[in-house]
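Undergrad: Pasting a structure below so you can have a look.
Residue numbers (this note's numbering): 3 to 107.
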């Protein structure tokens, strides 16, 4: 039922645990899920200044109940988001995820 509102297809990347001696000081992400149908809606009207000195904007993402966790990266074409919150919800007996995702600029 809620799947009829999903208008985007995204890929999910998860922090890789590959710790070779050459890459010990860098983060790397590996493809975790591909072709995840979802709906993404802005929570803020505009970007705000972050504590790290950049700019960021929060969005809400809805998708089927799947293995997405905080710190995962959501890739939608050229747009990249970081998952900052997850919540399992139910709508008319169907389970889905409600994610808070942040886009950094």
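The C-beta atom is built at its ideal place from N, Cα and C for all residues, glycine as well.
So is residue 68 buried or exposed if we call it buried at 16+ other beta carbons inside 10 Å?
TA: exposed
Undergrad: To test your reading of the DSSP string, which unbroken beta strand (DSSP E) runs of 3 or more residues are found completely within the stretch 8-48?
TA: Correct list: 10-17, 31-44.
Undergrad: Name the DSSP beta bridge partners of residue 96, please?
TA: 93
Undergrad: Could you compute how far the alpha carbon of residue 90 sits from the alpha carbon of residue 55?
TA: Looking at the backbone, the Cα of residue 90 and that of residue 55 are separated by about 32 Å.
Undergrad: Under 8 Å: do the stretch 80-97 and the stretch 43-54 share three or more Cβ pairs, one atom per stretch?
TA: no
Undergrad: Can you tell me which of the three DSSP states residue 82 falls into?
TA: Reduced to three states, the DSSP call for residue 82 is strand.
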